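The UniProt record's numbering puts the sequence shown at residues 1 to 271.
Even for Gly, the Cβ is constructed at its ideal location relative to N, Cα and C.
Computed from a prediction, not measured in an experiment: that's the story for all the values here.
What follows is a set of notes on a single structure, which appears directly below.
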Amino acid sequence: MHSTTEAVKLEGMEIKILPALQDNYMYLIVDAKTREAAVVDPVDPELVIKTVQEDQLTLSKVLTTHHHWDHAGGNEKLVKLWEKQLDVYGGDDRIGALNQKVQQDDSFTIGSLNVKCLSTPCHTTGHICYHVTAGEGNGEGAVFTGDTLFQGGCGRFFEGTPEEMYEALCTKLSALPDNTKVFCGHEYTLQNMSFARHVEPDNEVIQQRIEWAKHRRASQDPTVPSTIGEEKSWNPFMRVHEATVQKHAGGATDPIVTMGKLRKEKDNFKA
């Protein structure tokens, strides 16, 4: 276990952070009213089942962000081990046990919680982020970003372009309320923030977050979640409009050119 298991209480819901593999995160989204639950990227089905049973939850849905094995690789086993029917959501036919294919703006519920799908192709062509809100959707929501948006970073452009990542980060995810909690797919915060500091050495918010994250990791506590507002203040890939970031990336004022140059540099960056 690379991190401790934690629970984060938000309006109308509880998010259980479940560490898996070397640095992955799975998440249980629990509706506070009905105790119905959905799991995000259940690569370790046994831990998911153990937690669901201990907390006496009703597991009904699997939310898959993308087809990579460290996110979708537990789907088939979970479906086999779980005695009841599971709706398995995702945006890519390569996802195991998929029976609810979704695309941009599709929506469904987890008990009384609302889920909206955001199509964010680039890391993979079928990548989906899930935005979850309670009731009327006015309170503090959560977004599960898989390998599109990390704290302080973004996923590699394995199957996409700088234009697509710009659309994902700076159009779709940036449009969410600033207080939306961001639950990403990996514990990459210190590595990513090290690159962020390299890009903007004078950004004090970045330095403060690095110190905070060091303390968290020293006691194996997870550094997730951040918020959309915080990511806009320190994540270079969400700051491609900023003059300091553009200057670092060679001076082009086109944010999409800046996005591409940053990702190329990050691919070879040694913290």
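Residue i: buried (16+ other C-beta within 10 angstroms of its C-beta) or exposed?
i, result
"R94", "exposed"
"T124", "buried"
"S3", "buried"
"R239", "buried"
"M165", "buried"
"E187", "buried"
"G90", "buried"
"E136", "exposed"
Check whether the Cβ atoms of residue i and residue j lie closer than 8 Å to each other.
i, j, result
"Y27", "I15", "yes"
"G12", "S112", "yes"
"A190", "K214", "Note that residue 190 is Leu in the sequence shown here, rather than Ala. Yes, Cβ-Cβ distance for L190 and K214 is below 8 Å."
"V88", "L98", "yes"
"L18", "V52", "no"
"D92", "H67", "yes"
Rounded C-beta distance between residue i and residue j? I'm assuming under 8 Å.
i, j, result
"L176", "L149", "Contact flag wrong, Cβ pair sits at about 10 Å."
"E83", "G96", "Incorrect: roughly 19 Å between the Cβ atoms, too far for contact."
"G146", "T65", "3 Å"
"T223", "K181", "The pair is not a contact, with the Cβ atoms about 13 Å apart (cut-off 8 Å)."
"L86", "K61", "7 Å"
Leaving out five residues on either side along the sequence, give the residues of the same chain with a beta carbon under 6 Å from the beta carbon of residue i.
i, result
"residue 292", "Lying before the first or after the last residue shown, residue 292 is absent from the chain, which here runs from 1 to 271."
"F269", "F195"
"T133", "N114 and G141"
"H248", "V199"
"H241", "P255"
"A72", "T64, I95 and G96"
By Cβ distance below 7 Å, which residues in the same chain neighbour residue i in space, the five residues on each side in sequence not counted?
i, result
"N203", "W234"
"C154", "T148, M165, L169 and F237"
"G250", "K261"
Near residue i, what residues of its chain come up, given a Cβ to Cβ distance below 8 Å and the 5 sequence neighbours on each side ignored?
i, result
"W69", "V43"
"D106", "K116 and C117"
"K33", "G12, G111 and S112"
Any C-beta of chain C sitting closer than 8 Å to the C-beta of residue i?
i, result
"S194", "Considering every chain present, this structure includes no chain C. It has just one protein chain."
- Is the segment 42-50 in contact with the segment 200-213, if contact means three or more CB pairs nearer than 8 Å? no
- Task: Could you tell me whether the segment 186-203 touches the segment 114-132, using the rule of 3 or more Cβ pairs below 8 Å?
- Result: no
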